[in-house]
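Using this note's numbering, you'd call the opening residue of the sequence shown number 84 and step up by one each time. For each residue, glycine too, the CB sits at the ideal point set by N, CA and C. See structure below.
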Amino acid sequence: MEANENQYVMMPMRSNYVQQVHFDQYAHVHGTHQYDWRTKPSFNSVAKKKDDDKAKSVKGNGEVTNGERSIQSFSEINISGVFDVILTQGDKEAVSVETDSNLQEYILVENDGSSLILKNKKVKIKKSTKMVVHVTVKDLSKIQSTGVGDVTCDNTIKSNTLDLVMNNVGDTKLDLDCQTLNVTYKGVGDCILSGKATTSKIKYAGVGDLKAFDLQVGTMNITHTGVGDANIHVFQDLTLDFRGVGDVNFKGNPEKKEIKKAGVGAVKNKS
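Listed below in structure tokens is the structure:
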């Protein structure tokens, strides 16, 4: 479906309700106005439209640059802008922004205590060639996103305890090595996790699939109230509270299972 800039549409979603969506923002990140309802809509668009109309309008000049940003040490990342974020774990922290040269000033990178803040200036970006923030982190304890765009990684992120609080519009794809992994997902898009964790607590209330067959977990406590399938891998202790829409599939033949099912869909052992 082709769409005009700033167009509002009514589209059906999996649970047979309709959500008024504004998909223009995601198109700014990926250089297209092609609409994909499962991963690309942003909420609260009607309430924000009046303020958006007052914002300055800019258009990328097509000259993509990679601008290094000056930062201090951080252990948490807070994302609220309209861009993709690519994480790398390394020996020292660094941030660079890859976008049109005339759009560099509209992506803000700031420190707030132990947090790295990634956001946009108040501006309406009509079109961008590319919009990616590259973040190298040494020690990471939390990622929080309310942004529009994908959150991915270039290598395995190792952490003793990692909290993921994802309310973003776009896919989350991370490879992890954690003792304790806590996930709260209320976003729109798929959440794709791989690696391993000793224990994991997951609250899944998003729209999209949880794809975590490749994340091997010893003990998992998961609550699924979202819309979409959940694929998990647990080999010791599984506690599942399923009240959502979609199937829950698990691998690993957990030694202990406590399963409560009140949702619409099946719970299946795929071991």
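A Cβ-Cβ distance of about 6 Å is found for the pair N352 and F333, placing them in contact under the 8 Å criterion. A Cβ-Cβ distance of about 7 Å is found for the pair L199 and E159, placing them in contact under the 8 Å criterion. Collapsing the DSSP output to three states places S277 in a strand. For A313, the enclosing beta strand (DSSP E) begins and ends at 313-325. A distance of 7 Å or more separates the beta carbons of K204 and K142.
When secondary structure is reduced to three states using DSSP, L223 falls in the coil class, being assigned neither helix nor strand. Rounded to the nearest angstrom, the Cβ distance from T171 to D237 is 4 Å, consistent with a contact under 8 Å. Apart from the 5 residues on each side of it in sequence, N336 sits with its Cβ closer than 6 Å to the Cβ of S354 in its chain, given in chain order. With at least 16 other beta carbons inside 10 angstroms of its own, S211 counts as buried. For T263, the closest alpha carbon among the candidates M249, V328, Q299 is that of Q299. Assignment of S153 by DSSP, reduced to helix, strand and coil, places it in the coil class. Spatial neighbours of D330 in its own chain (CB-CB distance under 7 Å, excluding positions within 5 residues in sequence) are listed in chain order as D312, G348, A349, K351. The region 246-264 and the region 175-186 do not touch, with fewer than three beta-carbon pairs separated by less than 8 Å. Exclusion of the five residues before and after T308 leaves A288, R326, G327 as the residues of its chain whose Cβ lies within less than 6 Å of its Cβ. DSSP places S354 outside any beta strand (DSSP E), giving it a letter other than H or E. If the five residues before and after C274 are omitted, its C-beta is found closer than 6 Å to the C-beta atoms of T255, Y268, L293, all from its own chain and listed in chain order.
One thing to note: V271 has its Cβ within 7 Å of the Cβ of V290.
Excluding sequence positions up to five before and after E151, its CB lies within less than 7 Å of the CB of S179, all in the same chain and listed in chain order. At least 7 Å separates the beta-carbon of K344 from that of D320.
Using a Cβ distance threshold of 7 Å, I154 and S228 do not count as a contacting pair.
A residue is called buried once 16 or more other Cβ atoms fall within 10 Å of its Cβ, and N243, having fewer, is exposed. For S198, the secondary structure class from DSSP, reduced to helix, strand or coil, is strand. The beta-bridge partner set that DSSP reports for E181 consists of N149, V215. In this structure, E176 and K221 form a Cβ contact; the two beta carbons are roughly 6 Å apart against a cut-off of 8 Å. By the CB criterion at 7 Å, S283 and D297 fall outside the cutoff. Within the same chain, and ignoring the five residues on either side of F157 in sequence, the residues whose Cβ sits closer than 8 Å to its Cβ are E176, N194, S197, S198, L199, V220. Minimum Cα-Cα distance from S224 among the listed residues V234, C261, T235 corresponds to C261.
One alpha carbon belongs to V234, the other to V168, and they sit about 5 Å apart.
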